[in-house]
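Here's the structure, in structure tokens; my notes come after.
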Amino acid sequence: MDYKQIESKWQKKWAETGLYKFNKSNVDKKYYCLEMFSYPSGAKLHAGHWYNYGPSDTFARFKRMQGYEVFQPMGFDAFGLPAENYAIKTGIHPEDSTLKNIETMEGQLKRIGATYDWDYEVKTCLPEYYKWTQWMFTQLYKHGLAYRKQAPVNWCPSCNTVLANEQAQGGVCERCGSTVTKKNLNQWFFKITAYADELLDDIDKLDWPEKTKLMQKNWIGRSFGGEIEFQVVGSDVKFSVFTTRADTVFGVTYVVLAPESPLVDLVTKPEQKAAVEAYKEKSAQATEIDRMSSTREKTGVLTGSYAINPVNGREVPILVSDYVIASYGTGAVMGVAAHDERDYVFAQKLGLPIERVLKGKEGQNDELPFCEYGILCNSGEFDGMTSEDGKLAIIKKLEEEGKGHLKTNYRLRDWLVSRQRYWGAPIPVIHCEHCGEVLVDEKDLPVLLPRNVDFAPDGESPLKKCDEFINTTCPKCGRPAKRDADTLDTFVCSSWYFLRYPDNKNSEKPFDTEWINKMLPVDKYIGGAEHACMHLLYARFFTKALRDMGYLNFDEPFLSLVHQGTILGTDGNKMSKSKGNVVSPDDNIAKYGADIFRVYLMFGFNYVEGGPWNDNGLESISRFFDRVERIVKKCYEVNYDDAPMQKAEKELNRVRHSTIKSVTNDLGIFSFNTALARLMEFVNAMYAYESSVEKKNAVYKDCAKDLVLLLAPFAPHFAEELWEMLGKEYSVFNQAYPVCDEKALVLDEIELAVQINSKLKGKVVVANGAPKEEIEKAAKEAVASQLEGLTIKKIIVVPGRLVNIIA
RNA sequence: GCGGACAUGGCGGAAUUGGCAGACGCGUAAGGUUCAGGUCCUUAUGAGCAUUCAGUUCAUGCAGGUUCAAGUCCUGUUGUCCGCACCA
């Protein structure tokens, strides 16, 4: 079969007949199958894209044949740094390169032969889209979920822009790998922390990979504890520390402030001023990566002041150290060297007193802090309590005295969304000397991104230098004012695109609430695991925020999530141009066609694991296709009789229905490799029937029909061609997926393994449903010679599987 | 350091969730078809011992344990990958 020719033939026919047009009137049967959209980079679609989109399309077609009205849209996450960096290098405007890349990728995506309904395409860099991204910003702002503040932020010196915490994981820039530094800037934030509890608590409701759920949980990082107030000796300054171990508060021997804490200046004594200032400066210069290293030596300086421990009145020194994080808790911690590893190390390093060390390590004289939970001692009235009880009791007592309270803290920080870059959605805010921050009115959206801008990076927002953009008038007072010069993080664009797809032409609103509530949530979301703590968290936040504003009536955007694995080069390494191990889909498609290529991707790997590419696999799929084509042809060349099914027919029919059952089940759980293995077995069974039975039964013909139907989601063009060859009506994708007839699966006879003392000794065939005594008897007979001289103590019968004779 | 996942033939990978380990495919070998090569078809293929047949021992990173029965459960250990990284 000429695969190239049949591919263009059917793609043309599908397009002409509008086969994949979503039928809105069927919305009650909708199935929203979504793959993470692509970034239109300069490179063409690579094998990884295919690995995401090919099998996903198989899944979508399967759902369609099961009777769902499948909605499978496609679009482009088109704003972002790479296009801008490319422009800086080549002088080609980001808009031009991006739109050109999109065109190329659209063509390639169409060649996959997927069921995308292109009528619903979105491109985030177009004004008709980013108008609504800006609208999202205004809504968040109006609901107190967007705010601007001066804050030390992650700064990438190479990209010349700030990064969200999620984009600076490990102290390196997510995009370019440069070491991230801190910079104090006035920046826009989205208040994702307002949803920390709900984002955390709802995770368990989701059908997502456990690994991903755990990552989100850890990222949000909720911890229950208390804030305890310390009074500074000889001053009216008070401050609180956050602790999860209030049960150890009697053991406090010092307290520590973060260098950035405003308290530092308040408590530093004149004689320590110089040392403290020097320390502050040193820690401000340290890069994030330095500061985060746990092997790093702990350092710190005394402030000269003392604080009073509220539970026992003891006066303890106040220090400054950069192991305390300013933005977490209160930016101040209590030091309990006897019960905390880090406090112990710090106290030893600085020669601070250690109250009492409880544990000696086996075989060593070194004393170590006792960090586990235990029974309180040296803690006054709380002695004898368990740590769990003591924590609560101590905080309760402090609360009565007005010196403490229960407190929950989160590792999650608010999401920093402003970027000092050009190629993004402008922030719809005007800064007026008289009126302050003023939102751009909805009727004036979008704030268009000007085309002619000098975006050579110098650390400043490029839009600041574009006079016709930056200068405007204040919507409130009409006086001259300036536009916000920053653009939105591209993750803002992708936080709501799935809401736009079903209503992408709407020019009145981002989407129609009533319609979107019918179309969403997404039933199956497929994409890479690298977005666990970014896109997937942001999208959940947007959904919950929009719900609370009344625009949506559901709590979660993506009910069920699957991560595809990664296809590696033949050398087992990640594909990269520099390693020269990139597998080009185009070459392989030119040689084998899209169907064989995608079927190989599904057969050769466990979908969620991926693995190294192997060229041999394609040959084997090509052989399988030939085998299918030959057997289907043979089926229709012979004469049939309608006689009742004999043994051979019954067996063939049983394989047919067990294949239907397995394939249906496996497709539902993205187990494409085993589904295809079952299909190969089915084909093998058909060949066995073909060669062993002279006069073919009509069931043989049904097998050919079902084979084509079963195969259709995997190899759409090939199946369509075979379907036509069988003389059936267009299109195979308007047929129902075969349904298993459980009755056909029932065997007359069952083979059981016979074990003696758990070792396999033989097999026995018994009638299906034979009583236990009969099975035991048959089993004993089957291995009679080996039972000689043995006394049978016990016989275990596992129905349908084995008989174990214990002797 | 903490948290998580994984480890199965020469290779990619299966294993109904505690029940015949190695499905399916690749590769390899022998034979058949073919003028020949390829395609195609048949058979074999975890390792070892034995071999006329029957057989038998060892095998799921390593070491223990539970069980009639363990790739699967438990304990310890090694290695690989991923996430977090002084979060008090």
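Residue numbering for the first sequence follows this note's numbering, beginning at 25 and increasing consecutively. No residue lacks a Cβ here, since even glycine has one placed at the ideal position from N, Cα and C. None of the values given here were measured: they were computed from a predicted structure.
Its chain contains VAL453, ILE454, HIS455, CYS456, CYS498, PRO499, LYS500, ALA505 as the residues whose beta carbon lies nearer than 8 Å to that of VAL462, once the 5 sequence neighbours on both sides are disregarded; these appear in chain order. Residue state for GLN372 is assigned as helix, using DSSP reduced to three classes. Remark: C-beta atoms of LYS720 and ASN663 approach each other more closely than 9 Å. Contact fails between the segment 172 to 192 and the segment 144 to 152, because fewer than three Cβ pairs, one in each stretch, are under 8 Å apart. LEU560 is a Cβ neighbour of GLN240, given a cutoff of 9 Å. Taking C-alpha positions only, LEU187 is separated from MET160 by approximately 20 Å. For GLN255, the enclosing beta strand (DSSP E) has its first and last residue at 246 to 256. Comparing C-alpha distances from LEU209 to each of VAL441, HIS70, ILE591, LYS752 shows the shortest one belongs to VAL441. With fewer than 16 other beta carbons inside 10 angstroms of its own, GLU339 counts as exposed. PRO504 carries a strand assignment under DSSP once its states are collapsed to helix, strand and coil.
DSSP places CYS180 inside the beta strand (DSSP E), whose first and last residues are 170 to 180.
Of the candidates ILE684, SER715, GLU745, LEU746, the residue whose Cα lies closest to the Cα of PRO762 is ILE684.
Within the model, the alpha-carbon separation for PHE213 versus SER403 is close to 43 Å. Residue range 773 to 780 is occupied by the beta strand (DSSP E) that includes GLU775. Taken in chain order, the whole alpha helix (DSSP H) runs of length 4 or more contained in the segment 576 to 647 are 609 to 616, 618 to 627. Boundaries for TYR446: no beta strand (DSSP E) harbours it, and the DSSP string shows neither H nor E there. Selection ALA138, TYR347, LYS801 evaluated against TYR368 yields TYR347 as nearest (Cα-Cα). The segment 807 to 819 makes contact with the segment 779 to 788, as at least three CB pairs between them are under 8 Å. Comparing alpha-carbon positions, the option among THR185, ILE613, GLU753, TYR140 lying closest to ALA39 turns out to be TYR140. For a cut-off of 8 Å, the C-beta gap from VAL344 to VAL325 is around 5 Å, short enough to register as a contact.
ILE378 carries a coil assignment under DSSP once its states are collapsed to helix, strand and coil. Apart from the 5 residues on each side of it in sequence, ASP527 sits with its Cβ closer than 7 Å to the Cβ of PHE535, ASP536, TRP539, ILE540 in its chain, given in chain order. Shown here, MET358 sits in a strand according to DSSP, grouped into three states.
Three or more beta-carbon pairs separated by less than 8 Å link the segment 51 to 68 to the segment 551 to 560, which places the two stretches in contact. In the DSSP assignment, VAL340 falls outside any alpha helix (DSSP H) and within the unbroken beta strand (DSSP E) covering 339 to 344.
The segment 673 to 682 and the segment 706 to 721 touch, with three or more beta-carbon pairs separated by less than 8 Å. The shortest CA-to-CA distance from ALA270 to any of ILE244, SER411, TYR660 is the one to SER411.
Pairing PHE522 with GLU714, the inter-Cα distance amounts to about 49 Å. The Cβ atoms of GLY628 and ASN697 sit closer than 9 Å to each other. Rounded to the nearest whole angstrom, the CA to CA distance from ASP513 to SER755 is 44 Å. At a cut-off of 3 residues, not a single continuous stretch assigned as beta strand (DSSP E) sits fully inside the segment 386 to 419. Secondary structure of ALA331 (DSSP, three-state): strand. Closest in C-alpha terms to VAL789, from the list VAL827, ASP765, ILE816, comes VAL827. Listed in chain order, the non-local C-beta contacts of MET599 below 6 Å within the same chain comprise GLY593, ASN605, VAL606, local neighbours out to five positions each way being set aside. Remark: C-beta atoms of ILE799 and ALA831 do not approach each other more closely than 9 Å. Secondary structure within the segment 75 to 139: the alpha helix (DSSP H) runs of 4 or more consecutive residues, fully enclosed, are 105 to 114, 118 to 136 (chain order).
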